[in-house]
Amino acid sequence: MCGIFGYVGSNRATPILINGLKALEYRGYDSAGIFVSDCGSVKAVGPVVNLESKIPQGMNGSTGIAHTRWATHGVPSEANAHPHHDKSESIWLVHNGIIENYNELKSEMQAKGINFYSETDTEVLAKLIGTYFDGDLKQAVLSALKQVRGTYGVAVMHDQDASQVVVARMGSPIVIGVGYDGNYISSDPSALLAYTKEVVYLEDGEVAVVTGSACEVESIKGDKIEKTTEIIDWDHTAIQKNGYAHFMLKEIFEAPKVIEDTIRGRVSANGSVKLGGVEAVLPKLKDLERLQIVGCGSAFYAGSVGKYMLKEYANLPVEVELASEYRYTKQIFDKNTALLAVTQSGETADTLASLRLGKEHKVLTLGVVNAVGSTIARETDAGVYNHAGPEIAVASTKAFISQLTVFALLTLLLGKERGVLNEKESRDIAESIVNLPKVLKSVLDESAFIEEVAKKYAKYDNMMLIGRKLHAPIASEGALKIKEVSYIHAEGYAGGELKHGPIALLHDGLPVIALLPQDDVYEKMYSNVEEVKARRAPVLAIANIGDEKIGKLADDVIFTPKTHPILQPIVTSVVLQLLSYYTGVGKGYDVDRPRNLAKSVTVE
Ligand code: M6R
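Quick note: the sequence shown uses this note's numbering, first residue 13, plus one each step.
This is how it looks when you write it as structure tokens:
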């Protein structure tokens with residue numbers, strides 16, 4: 013979704029801003045623009061390279077703000093692209109979020125003779141700041157923000173003052189990067205990595221004046237706030253392709269390392285497990301009577317797999333809800349319920365809103381979050397970081413498998429604590445977790461074969477995926493991945509649901525991807541595959557090595573190593589990720605940036 017980048021310092025701002033925008037490209041956008049002190053503004057529809065090609069010679073100012081826009085109010089166009097300006101064209105602003113009362117504010121200003129050139133809510137905020145400006149930009153921003161309802165991360169500057177950028181945050185992230193030769197502003201810490209790892213996170217309701225050498229923060233009410241600088245522990249190479257054709261492929265191939273990072277220092281083969289982030293609330297988790305899990309998209313499916321794990325191995329009643337539905341449906345909160353938010357970005361608006369609803373009702377809130385320092389990570393009472401590193405491709409791959417791994421760790425911990433898993437069972441799970449990176453390495457070694465299979469199935473317009481138990485949500489996640497990057501219509505079903513409707517779709521032109529590892533529902537799944545074959549639908553099975561029976565029934569089989577049932581979904585997921593990737597690439601699509609999608613959905 014929209015991205016903000018800014019710079020105040022002694023260097024030329026333009027190349028820094030363009031680099032910053034390129035680092036934000038992965039989030040998804042449709043137009044981009046910059047404003048640089050003493051030079052003015054340039055905007056372009058389409059990729060950042062379009063903007064770059066329009067930058068005039070001599071755009072040499074040392075302070076600037078930049079934006080990638082993902083249209084919410086008004087079509088992608090130069091007029092609607094940010095930065096936007098006030099009536100006098102001296103105050104320039106970039107904005108993420110939505111100003112909910114923009115129509116009413118616009119009408120009031122129009123009645124006073126102020127004209128608008130765009131359809132955006134952002135221009136309304138720029139114009140509003142202009143009406144309050146009497147020489148003090150921070151005060152004008154504060155006065156305007158008191159009038160608006162909605163969410164914002166904003167960066168504002170005045171064309172006659174290159175010494176400062178004023179930033180503010182309410183529901184949409186703003187991070188300030190502390191550099192040697194200036195300070196940086198971004199809506200996404202990963203975009204700062206090329207310049208600095210020292211950051212100051214702004215909280216909701218905070219406003220900062222950023223100069224080349226300082227950053228003064230205060231609350232919207234005007235109280236001074238002392239902030240501490242934090243260090244981002246991500247490596248700059250994490251946001252580069254490092255020789256891979258796409259970020260998605262690189263991130264799939266990082267699987268063994270990601271799992272090593274997720275489990276490092278947390279589990280050992282003898283069955284011991286330690287999750288520092290939830291230690292303080294462990295007594296509460298031990299006696300928990302109900303866990304609600306919320307998430308969107310892949311995070312929701314990870315939570316759904318987590319539900320099966322926690323119910324079966326920790327005897328914990330779990331419900332999983334789509335975060336986008338959570339606050340609009342009746343929720344029953346009580347003191348023995350905890351709410352767990354699953355999110356890669358830690359900024360998803362619906363997940364954040366669900367979390368805040370839980371907090372309002374005083375339930376214990378937990379997070380399984382990848383982005384360190386993100387809003388959800390900071391607002392939950394306790395939680396576990398994935399440590400998967402920055403995920404750049406829009407389609408979630410490494411973050412998804414690390415979410416499943418965190419659920420396996422949590423299940424092992426709670427299964428032991430709640431007296432469900434005995435020593436042997438704990439050791440079996442722990443050993444399998446420790447061995448998982450090796451298992452995933454051997455799956456990746458089969459990528460050339462998976463690419464061949466992908467070519468065969470890429471010709472279809474529709475696909476169905478089926479699985480049972482932990483593999484039922486994996487069928488849905490696999491279908492989501494196929495949709496996202498290859499635009500093939502795919503749906504995932506629990507195998508047992510076939511007869512209740514979806515079987516009507518089957519014919520020789522609708523392939524079915526059947527997920528049937530050697531677990532306690534193998535025979536049930538096998539029967540489902542027989543039902544599918546009886547309707548002449550082609551079957552691609554993902555099964556365990558040594559399963560000769562399925563080899564005779566299915567049209568194609570991708571064999572995977574067998575691991576503990578709790579971890580098998582991770583193995584299957586990597587195969588499905590590779591299948592989706594090769595299908596999308598084979599069809600010539602930009603798999604890193606699928607159409608209409610944004611990496612982090614920070615508006616409702
Ligand atoms: O950052 P989050 O994990 O909260 O994001 C949730 C979804 O938007 C995300 O998983 C989305 O479905 C991905 N594009 C899936 O590949």
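We put the CB at the ideal spot given by N, CA and C, even for glycine.
- Note on geometry: alpha-carbon atoms of R390 and P523 lie some 44 Å from one another.
- Across the set R368, Q151, I243, the C-alpha of Q151 shows the shortest separation from the C-alpha of V219.
- The stretch 26-42 and the stretch 60-79 touch, with no fewer than 3 CB-CB distances between them shorter than 8 Å.
- Beta-bridge partners assigned by DSSP to S231: E218.
- When DSSP states are grouped into helix, strand and coil, D568 belongs to the strand group.
- With contact defined as three or more Cβ pairs closer than 8 Å, the stretch 293-308 and the stretch 455-465 are not in contact.
- In the DSSP assignment, D173 falls within the beta strand (DSSP E) that extends over 173-182.
- Three or more Cβ pairs closer than 8 Å define a contact, and the stretch 175-190 falls short of that threshold against the stretch 120-139.
- Using a 10 angstroms sphere on the CB of Y144, the tally of other CB atoms reaches 16 or more, which defines it as buried.
- Taking non-hydrogen atoms of the ligand M6R into account, the C-beta of C308 is found less than 6 Å away from one of them.
- For the stretch 456-526, the continuous beta strand (DSSP E) assignments of 3+ residues that do not extend past its boundaries occur at 474-479, 501-506, in sequence order.
- Of the candidates G513, S585, K467, H258, S585 places its Cα closest to the Cα of L456.
- The C-alpha of S284 lies about 47 Å from the C-alpha of G600.
- Look at Q343 here: in three-state DSSP terms it is coil, with no helix or strand label.
- In this structure, the beta-carbon distance from V332 to S316 falls below 7 Å.
- Closer than 6 Å to some heavy atom of the ligand M6R: that does not describe the Cβ of T392.
- For E543, no beta strand (DSSP E) segment is defined; the enclosing uninterrupted segment is the alpha helix (DSSP H) at 534-546.
- Relative to V446, the option among E429, L424, K428 whose CA is nearest is L424.
- By the beta-carbon neighbour count (other beta carbons within 10 angstroms, threshold 16), K574 is buried.
- Beta-bridge pairing by DSSP links G76 to Y19, V48.
- Taking 7 Å as the cut-off, the Cβ atoms of A174 and S53 do not count as close.
- Counting only runs of 4+ residues, the alpha helix (DSSP H) found wholly inside the stretch 402-435 occupies 410-429, in chain order.
- Contact between I554 and I570 holds, with the beta-carbon distance rounding to 5 Å and staying under 8 Å.
- Judged by DSSP secondary structure, E116 falls within the alpha helix (DSSP H) whose first and last residues are 114-123.
- According to the DSSP assignment, N398 belongs to no beta strand (DSSP E), since it is labelled neither H nor E.
- Within the same chain, Y313, G504 come within 6 Å of S488 by CB-CB distance, once the 5 residues on both sides are set aside.
- Counting only the Cα atoms, S336 lies some 5 Å from D362.
- For Y164, the enclosing beta strand (DSSP E) covers residues 164-170.
- In the pairwise beta carbon analysis, the stretch 259-276 is classified as not touching the stretch 235-246: fewer than three pairs are separated by under 8 Å.
- Just so you know, the alpha carbons of L421 and Q580 end up roughly 14 Å apart.
- In this chain, the alpha helix (DSSP H) harbouring T274 covers 267-275.
- For R302, the enclosing beta strand (DSSP E) starts and ends at 302-307.
- In this chain, the beta strand (DSSP E) harbouring G189 covers 187-190.
- Annotation: A361 is outside any beta strand (DSSP E); the continuous alpha helix (DSSP H) that includes it extends over 361-372.
- Secondary structure at N108: strand, using DSSP grouped into helix, strand and coil.
- Under the three-state reduction of DSSP, I67 is assigned to coil, being neither helix nor strand.
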